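Structure, as C-alpha cells:
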Amino acid sequence: MALALAVLSSLCFGIALVTGRVGLRTLDARSGAAISIPAATILFVVAAPFALDLNGFSLAAALVFALVGLFFPAIVTLLTFRSNEQLGPTVTGAVSGTAPLFAILAAGLLLGERIPAQAMVAALAIVAGVGIISWNRGGVRSHITGLALLWPLSGAVLRGLAQAGVKLGLLLWPSAFAASLIGYVVSSATVLGVSRLARGKRPTLTQRHLAWFALTGILNGSAMLLMYSALSMAPVSLVAPIVATYPLVTALVSAVVLPHEALTLRTLAGAMVTVAGVIYLVASGTGAHP
Numbered sequence: 028m029a030l031a032l033a034v035l036s037s038l039c040f041g042i043a044l045v046t047g048r049v050g051l052r053t054l055d056a057r058s059g060a061a062i063s064i065p066a067a068t069i070l071f072v073v074a075a076p077f078a079l080d081l082n083g084f085s086l087a088a089a090l091v092f093a094l095v096g097l098f099f100p101a102i103v104t105l106l107t108f109r110s111n112e113q114l115g116p117t118v119t120g121a122v123s124g125t126a127p128l129f130a131i132l133a134a135g136l137l138l139g140e141r142i143p144a145q146a147m148v149a150a151l152a153i154v155a156g157v158g159i160i161s162w163n164r165g166g167v168r169s170h171i172t173g174l175a176l177l178w179p180l181s182g183a184v185l186r187g188l189a190q191a192g193v194k195l196g197l198l199l200w201p202s203a204f205a206a207s208l209i210g211y212v213v214s215s216a217t218v219l220g221v222s223r224l225a226r227g228k229r230p231t232l233t234q235r236h237l238a239w240f241a242l243t244g245i246l247n248g249s250a251m252l253l254m255y256s257a258l259s260m261a262p263v264s265l266v267a268p269i270v271a272t273y274p275l276v277t278a279l280v281s282a283v284v285l286p287h288e289a290l291t292l293r294t295l296a297g298a299m300v301t302v303a304g305v306i307y308l309v310a311s312g313t314g315a316h317p
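Numbering (our numbering), first residue to last: 28 to 317.
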C-alpha cells in the first residue's frame, strides 16, 4: 500500500509541474504560488470536519507539522522559483533531484532509521535518472556561480528534511491528513505574507490564472497527502526515492500534452535508469524494515 501511495504521489507531483508550467506562461511564479498553495489549503479546511481524527492528537506532533509547513511547500517553492530565475530550469531540476539522498540521510540521523545499502544505491540511480531527464546543455546559463547553486541545493535539503520531519510527527500522531492540513495552513500564511510584502506592481488576475494554479495546488496537495500517508506506513528510505521520480512523469506527460515538448533518446535513457532504480529498491525489500 505504501508503495502504491508513493507512486500516486509521484504522479500528482509530476502532473502538477505541467499544469504549473502552463500557468507560468502568463503569470509570475510568486503570484502563482500565492494562488496554488491557498487553493489546496481551502480544500483541506473544508474536508477537515469529515477527515480529521483528533483521537490521537499530539501537541508535539502538531508543532512538528507546523514547523515543516513553514518551509515545505512554501519556502521550497520560493527557493525553486528563485533558482529558476538565477540558473534556469535545467540546473534547477538536476540539483533538486538530489532530495531523496538528503531525506534518507536525515531519516538515519534524526529518526535512527537503518539505511540499507540497497536504498542508497537505488536513490543514487534515481538521482542519476532524474539528472539525465532534466539535463539540456542548451538550457544551461553561462556564468553560473557556486553561490547561485545554493538556491536549488537549499531547496533539495529542505525537501529531504521535510520528509524526515513529517515522519517524526507521524510517529507521534499517525494522521497524514493532520500533517497535510497543518502544514498547508502554515505554508499559505507564509506565501501570502511574502506576496504582500513583495514590491512592485501586482499582476491582474484572470479566471485562467486562477484555474491553472488552483488545479496545480490541488494536485500538489493531493501529492503531499499521498506522500504523508505512505510515510505513515513505510520508512523514508522507501518512500523518498519513489516520490522523487516525478520528473519522469513530467517529461512523459509534457510530451503528450504540450506541443513543443517531445520524447528524446536522453529522456528515454533517463527513464530507464530511473525505473531500474525503483525496481531495484522494491525488489530489495527495503520497505520491510520500517
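Glycine included, every Cβ here is placed at the ideal spot set by N, Cα and C.
All values reported here derive from a predicted model rather than from experimental measurement.
With a minimum length of 4 residues, the unbroken runs of alpha helix (DSSP H) contained wholly in the stretch 253 to 293 fall at 263 to 270 and 273 to 284. Between ILE269 and SER36, the CB-CB gap stays under 9 Å. Only residues of its own chain outside the window of five on either side were considered, and among them THR277, VAL280, SER281, VAL284 and LEU285 have a CB closer than 8 Å to the CB of VAL45, listed in chain order. Taking the C-beta atoms as reference points, SER259 is found nearer than 9 Å to LEU197.
Contact check for ALA75 against THR217 fails: the beta carbons are separated by 9 Å or more. From the listed residues LEU151, ALA203, LEU177 and ALA60, the smallest Cα separation to SER215 is found for ALA60. In this structure TYR211 is in contact with PHE71, their Cβ atoms being roughly 5 Å apart against a cut-off of 8 Å.
In the displayed model, ALA175 falls within coil according to three-state DSSP, outside both helix and strand. Between the stretch 136 to 153 and the stretch 301 to 309, the count of C-beta pairs closer than 8 Å reaches three or more; the two stretches touch.
Residue range 86 to 98 is occupied by the alpha helix (DSSP H) that includes PHE98.
Taking each of LEU185, VAL193, LEU30 and ARG52 in turn and checking the Cα distance to VAL91, the smallest one comes out for VAL193. The beta carbon of LEU242 lies closer than 6 Å to those of THR46 in the same chain, with the five residues before and after it left out. With contacts defined as CB atoms closer than 9 Å, SER264 and ALA146 qualify as a contacting pair. In this model, LEU219 and ALA78 are separated by some 26 Å (Cα to Cα). It is roughly 13 Å from the alpha-carbon of ASP80 to the alpha-carbon of SER207. Spanning the alpha carbons of THR104 and LEU51 requires a straight line of approximately 13 Å. Residue environment: PHE240 is assigned as buried (16 or more neighbouring CB atoms within 10 Å of its CB, all protein chains considered).
Leaving aside the five residues that flank ALA67 on each side, the residues in its chain whose CB is nearer than 7 Å to its CB run, in chain order, TYR211, GLY244, ILE245, ASN247 and GLY248. Per DSSP, THR125 is not a residue of any alpha helix (DSSP H), being assigned neither H nor E.
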